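Written below as structure tokens is the structure these notes are about.
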Ligand code: SF4
């Protein structure tokens, strides 16, 4: 296989440690001055700068102490967000209700939109009976979720278990910045990285043999 090597093929990570030599294919060393300047300028944007500073401070202050829910609350407070949108999968509605309770207790206004909002038919986008044999005929509607949260004027949106692809459309159409609290994985208790740990164990076993 003749693939171009990139960061995922690098065992050195010198951009992070700064104590070794960069590999010959290193992406850091291949950046042009123009690209570096373009990206640096983007961090001068008020919102981008604020998000970068606040998220880095939270990471540093609460490293290994705060859960992701706590980080989310801390981030939203320091960003001075008032109204938080929740874009939830219908299957995660109980977890979203709990999140809404916690956010409200912390002084935020909460507005949630469930994935089936609008109750559109899957057939409307050309899906067939076969495509919905194991699932509902009602289409997940991430564009409508974004539309509704945009109209409600949410300052920040939280994704709760939207499917792969549906989440992409939500990110695409949300006007407010988005964070993901739950990445849905129905097989692994919403812990998708479990599959990667399992694969790592499998591949290390193969190399041992
Ligand atoms: S930027 Fe360079 S050193 Fe950093 S991970 Fe990528 S290839 Fe490795």
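Numbering (the numbering used here), first residue to last: 109 to 317.
Backbone N, C-alpha and C fix where the C-beta goes; we use that ideal spot for every residue, glycine too.
Since we're looking at a predicted model, the values are computed, not measured.
Residue from the options whose Cα sits closest to the Cα of residue i
{"i": "residue 231", "options": "260, 267, 245", "result": "245"}
{"i": "residue 115", "options": "127, 134, 126", "result": "134"}
{"i": "residue 201", "options": "269, 211, 174, 132", "result": "269"}
{"i": "residue 121", "options": "111, 112, 132", "result": "132"}
{"i": "residue 248", "options": "217, 218, 241, 228", "result": "228"}
{"i": "residue 138", "options": "207, 150, 113", "result": "113"}
{"i": "residue 260", "options": "299, 218, 213", "result": "218"}
{"i": "residue 207", "options": "176, 189, 141, 155", "result": "176"}
Contact set for residue i: own chain, Cβ-Cβ below 8 Å, skip 5 residues either direction
{"i": "residue 170", "result": "178, 179, 182"}
{"i": "residue 287", "result": "180, 183, 264, 265, 266, 267"}
{"i": "residue 302", "result": "293, 296"}
{"i": "residue 284", "result": "193, 257, 258, 262, 263, 264, 265"}
{"i": "residue 239", "result": "230"}
{"i": "residue 166", "result": "174, 179, 182, 183, 186"}
{"i": "residue 212", "result": "218"}
Boundaries of the alpha helix (DSSP H) in which residue i is found, first to last residue
{"i": "residue 291", "result": "Run containing residue 291: none; DSSP gives neither H nor E here."}
{"i": "residue 304", "result": "301-316"}
Neighbourhood of residue i by C-beta, 6 Å cutoff - its chain only, sequence neighbours within 5 removed
{"i": "residue 277", "result": "250, 251"}
{"i": "residue 148", "result": "none"}
{"i": "residue 191", "result": "217, 262, 263"}
Identity of the residues DSSP links to residue i by a beta bridge
{"i": "residue 264", "result": "192, 285"}
{"i": "residue 246", "result": "229"}
Close Cβ partners of residue i (< 7 Å) along its chain, the five nearest in sequence each way excluded
{"i": "residue 136", "result": "123, 130"}
{"i": "residue 163", "result": "183"}
{"i": "residue 158", "result": "187"}
{"i": "residue 203", "result": "268, 290"}
{"i": "residue 253", "result": "195, 221, 223, 225, 278"}
{"i": "residue 128", "result": "120, 122"}
{"i": "residue 299", "result": "293"}
{"i": "residue 242", "result": "none"}
TODO: Tell me the start and end of each unbroken beta strand (DSSP E) in the segment 192-234 that is at least 3 residues and wholly inside, in chain order.
DONE: 217-222
TODO: Identify every run of the alpha helix (DSSP H) within the segment 125-181, keeping only runs that are complete inside it and at least 4 residues long; order them along the chain.
DONE: 141-150, 154-169
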